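Chains as they are written, first to last, in my numbering: chain A, 7 to 91; chain B, 29 to 420.
C-beta: ideal position from N, C-alpha, C; glycine also.
Note that the structure is predicted; figures quoted are calculated from it, not measured.
So the structure is just underneath, and the comments pick up after that.
Below is the structure:
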């Protein structure tokens, strides 16, 4: 599936979007880590939680649970949270 | 762990070039200085926009740099360079906590402190983190292992407090010290949680808080109330330590029995109008009776600024029996910055210079052991750490 990657992570991917697979959001990060070593830990901490200022949208819907199931036609966007102000 | 022979430490010759490693809230800079400390060339920014807690050189090979880095959004990592910053490579396994059964799970927010390991253990490093944790690498900083005797200890964990305790951007494990005479002899401080020491390479630990004071009204026997800011071991006498604490300046002279060792509050000899609060502690590279501090305002609501807007370092040359003010060249008034715990240091020349970075982004050199201060740079981001590397 298509994964949109923010500029802050282009250090790893060199481009956006990228293609990655997974039956869940957690598996998708496993695949991203296989392709782009180091990326996952910048986004997901050692408790398997999304870092506080990262957001993930799955086909337009905000998701924080890494067990969230994915469909092959989903589009995933990794987004730096906007702080506002 | 066996004892490894310590290479003799010698003063850097006057022909040695200097490099200042400056870590800031928005990136890192290297200031290359000539042997006379007169001409400086800036290299940077590295990691522009990244929060860099510290940049450290491996003195064992003279070329490997480690940088403790995070951003406002992305998690913490370590970058390494083996060509003095021309190229950086990310650690393949940065510090991350293990699961500690029965204890709340934690995630490293940032690596805060980097200490090269013993000279006889090439490639070894220690990292202190926030939340408070201790990590070790044995491959030059590429992969990091959590030290379970600290991070997963049911004894340590209550002393460590929480993100809500004390330190504004999170409690920090700092001042990781490896005894140059013995790689198994380790010491560290926790910004909330006291001073701790190991004689078996981190297998077991004991506290070193006797003589340290805590905030009035609290129980000094409770380790969690102790707030060391910066601890340094004297290179010329490794049995002597100095400490800048939330509650004063201290000296510790080791005896043969750690149970009887007691910190002495040498800050009592500071001028009363100045007091003895601050963050950094700097020790002379060749004279264990000489040390420097940079006091800050700790009255009422803890402004954490230069006292009365008049910044000054203070030096003792008799192990804390008296102190002298060193402010020649520093702003005479209306300067409300301060110096964080990693942002003041010295080189190792026979007559060392001091270096400090301010919260307002100024980099200063204190020639002749801090007697004459001159600015090296202004308008940098908030400076978190200043280290000196010396190259032949």
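Item: Per-residue burial, residue 25 of chain A [other beta carbons within 10 Å of its own, 16 or more giving buried]; Value: exposed
Item: Endpoints, the alpha helix (DSSP H) within which residue 372 of chain B is located; Value: Note, residue 372 of chain B: premise wrong, no alpha helix (DSSP H); beta strand (DSSP E) at 372-374.
Item: Nearest to residue 208 of chain B (by Cα), restricted to the options B/167, B/328, B/89 and B/144; Value: B/144
Item: Nearest-angstrom beta carbon gap, residue 291 of chain B and residue 238 of chain B [assumed within contact, 8 Å]; Value: 7 Å
Item: The stretch 116-132 of chain B: positions lying closer than 7 Å to chain A by Cβ; Value: 118, 120, 122, 124 and 125
Item: C-alpha distance - residue 60 of chain B paired with residue 45 of chain B, whole-angstrom precision; Value: 7 Å
Item: Neighbourhood of residue 14 of chain B by C-beta, 7 Å cutoff - its chain only, sequence neighbours within 5 removed; Value: There is no way to answer for residue 14 of chain B, as the model of chain B reaches only from 29 to 420.
Item: Proximity below 7 Å, CB of residue 444 of chain B to CB of residue 369 of chain B; Value: What the structure shows of chain B is the stretch from 29 to 420, and residue 444 of chain B is not part of that stretch, so it cannot be assessed.
Item: The stretch 74-91 of chain B contacting the stretch 119-136 of chain B, beta-carbon criterion three pairs below 8 Å; Value: no
Item: Residue-chain proximity (residue 71 of chain A, chain B), Cβ-Cβ < 7 Å; Value: no
Item: Cutoff 7 Å: residue 53 of chain A Cβ touching any chain B Cβ; Value: yes
Item: Coil, strand or helix - residue 84 of chain B by DSSP; Value: strand
Item: CB contact below 7 Å: residue 314 of chain B versus chain A; Value: no
Item: Distance between residue 32 of chain A and residue 69 of chain A (C-alpha atoms, nearest Å); Value: 11 Å
Item: Proximal chain B residues relative to residue 56 of chain A, where beta-carbon distance stays under 8 Å; Value: What residue 56 of chain A touches in chain B: nothing, since even the nearest Cβ is about 10 Å away.
Item: Short Cβ contact (7 Å threshold) for residue 278 of chain B with residue 52 of chain B; Value: no
Item: Residue-chain proximity (residue 76 of chain B, chain A), Cβ-Cβ < 7 Å; Value: no
Item: Min CB distance residue 47 of chain A to chain B below 7 Å; Value: yes
Item: Status (buried if at least 16 other CB within 10 Å, exposed otherwise) for residue 140 of chain A; Value: There is simply no residue 140 of chain A to check, as chain A begins at 7 and stops at 91 in what is shown.
Item: Euclidean distance between Cα positions of residue 77 of chain B and residue 99 of chain B; Value: 7 Å
Item: Chain B contact for residue 84 of chain A (CB, 7 Å cutoff); Value: no
Item: Residues bridged to residue 98 of chain B (per DSSP); Value: B/79
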